[in-house]
Amino acid sequence: MTPSRDALVERLRDLLAEQPVLREVSMFGGRSFMVNEKLAVCALKDGGLLVRVAADRHEELLDRPGAAQAEMGPGRDMGPGWIEVAPSALGDEALSAWVDLALAHNRAVTGGP
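Residue numbers (this note's numbering): 1103 to 1215.
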């Protein structure tokens, strides 16, 4: 892992520690956090964050600082509901807000707590 990704993984572990069904998986070239067996967030190798959010909020959330349409590769959008957040936009409050958005979407699709 890279130092920037390592630091983000630790921050995510702290924010997600209370989730009842949490699992870490290597995915998307980073460290993904599965909540209720669905991807919620992923610490990318550059220290950025991949976030799974509600598709109907996608355009609105792209207006947040550092947010961009997630891509699976150059020119291959992952589709609505997949957002990548730049490392420079992941201060403590911003990271917590993105994790909260991911968890809200996760609860909506899994019926989890």
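Each residue gets a CB set at the ideal place from its N, CA and C atoms; glycine is no exception.
For this session: Assuming residue 1109 and residue 1204 form a contact by the criterion Cβ under 8 Å, report the distance between their Cβ atoms to the nearest whole angstrom.
Result: Along the sequence shown, read from residue 1 onward, the residue named residue 1109 stands at position 7. Along the sequence shown, read from residue 1 onward, the residue named residue 1204 stands at position 102. That pair is no contact at about 19 Å.
Problem set entry | Beta-carbon separation (whole angstroms), residue 1214 vs residue 1188, contact threshold 8 Å | As a working note, residue 1214 is residue 112 in the sequence shown. As a working note, residue 1188 is residue 86 in the sequence shown. With 8 Å as the limit, residue 1214 and residue 1188 do not qualify as a contact, their Cβ atoms being about 29 Å apart.
Exercise. What number of angstroms, rounded off, separates the C-alpha of residue 1148 from the C-alpha of residue 1106?
Worked result: On the sequence shown, position 46 is the one that residue 1148 refers to. On the sequence shown, position 4 is the one that residue 1106 refers to. Taking the straight line from one Cα to the other gives about 6 Å.
Exercise. Is it buried or exposed for residue 1181, if we count other Cβ within 10 angstroms and need 16 for buried?
Worked result: For the purposes of this step, residue 1181 is identified with residue 79 of the sequence shown, where counting begins at 1. Its Cβ having fewer than 16 others within 10 Å, residue 1181 is exposed.
Problem set entry | Cβ-based neighbour list, residue 1179, same chain, cut-off 7 Å, excluding 5 preceding and 5 following | The residue you call residue 1179 lines up with position 77 of the sequence shown. These residues qualify, in order along the chain: 1171 and 1173.
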